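Here full-length UniProt numbering is used: position 20 in the sequence shown is 20, and no number is missing along the way.
Where is the CB? At the ideal position from N, CA and C, for every residue including glycine.
Predicted model only: the values in this text are computed from it and were never measured.
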Amino acid sequence: MVIVRRGDGAIVATLFYNLFTNLYEHMSNKRLKEALSICRIAQNEILWTYMAVMATDNKEFHAAEEAYAAIGRCDIVDYIRYIKSLSSTAEKYAEMALLARDLLAAEGILLQNGLIKEAIHINLEVIIGV
1 MVIVRRGDGA IVATLFYNLF TNLYEHMSNK RLKEALSICR IAQNEILWTY
51 MAVMATDNKE FHAAEEAYAA IGRCDIVDYI RYIKSLSSTA EKYAEMALLA
101 RDLLAAEGIL LQNGLIKEAI HINLEVIIGV
């Protein structure tokens, strides 16, 4: 429990900070089930957003999909479903890197896997919206 004194002098006790630290700890230790459980129980948009970002960065497709759905980002949920439908693991990871706004990582993943045409296409897609 964290006790905080607000600007108006009122003292507020909260467990919210602990939820963030627990969520971070579970995600860092690859305990995805426990991390999702925290978000499901708390039903807090900020926690779900934090979960969405961390799951995207860790390329945890199912957790990211659930987290984005919980915060109403249907566009991103559809994009993750598209990513999951790709046959190549390299392309999936590259698209997740793009979702995390890391063009260099996406390009690197594709180039390391010999997907030069796809790397060029991703750059064109991002730069000029082809």
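Quick one: what's got a C-beta closer than 8 Å to residue 118's C-beta in the same chain, skipping five residues either side? Looking up residue 118 in the sequence shown gives position 118. These residues qualify, in order along the chain: 91, 94 and 110.
Decide yes or no for the touch test of the region 64-80 against the region 101-108: beta carbon pairs closer than 8 Å, at least 3 of them. no
Quick one: what's got a C-beta closer than 7 Å to residue 97's C-beta in the same chain, skipping five residues either side? For this step, residue 97 is matched to residue 97 along the sequence shown. The residues are 105, 106 and 109.
Below 8 Å on the Cβ atoms is my guess for residue 32 versus residue 60; work out the distance and round it to an integer in Å. Taking the first residue of the sequence shown as position 1, residue 32 is located at position 32. Taking the first residue of the sequence shown as position 1, residue 60 is located at position 60. Their Cβ separation, rounded to whole angstroms, is 6 Å, which keeps residue 32 and residue 60 in contact under 8 Å.
Here's a check: name, in chain order, each residue in its chain whose Cβ is nearer than 6 Å to the Cβ of residue 51, leaving out the five neighbours to either side. Taking the first residue of the sequence shown as 1, we reach residue 51 at position 51. Cβ within range, chain order: 39 and 67.
Three-state secondary structure (DSSP) at residue 71? Here residue 71 is taken as the residue at index 71 of the sequence shown, counted from 1. Of the three classes helix, strand and coil, the one that applies to residue 71 here is coil, per DSSP.
In terms of alpha-carbon separation, which member of 57, 83, 45 and 8 lies closest to residue 70? Here residue 70 is taken as the residue at index 70 of the sequence shown, counted from 1. Closest option to residue 70, Cα to Cα, is 45.
In chain order, each alpha helix (DSSP H) run of at least 4 residues that lies wholly inside the UniProt domain "IFT80/172/WDR35 TPR" (47-125): 61-70, 74-85, 89-99 and 103-112
Alpha-carbon to alpha-carbon, residue 49 and residue 124: On the sequence shown, residue 124 is found 124 positions in, with the first residue counted as 1. On the sequence shown, residue 49 is found 49 positions in, with the first residue counted as 1. Each residue's alpha carbon lies about 29 Å from the other.
Using the DSSP secondary-structure output, state which residues sit across from residue 41 in a beta bridge. The residue labelled residue 41 in the question sits at position 41 within the sequence shown. The partner list for residue 41 (beta bridge, DSSP) is empty, contrary to what the question assumes.
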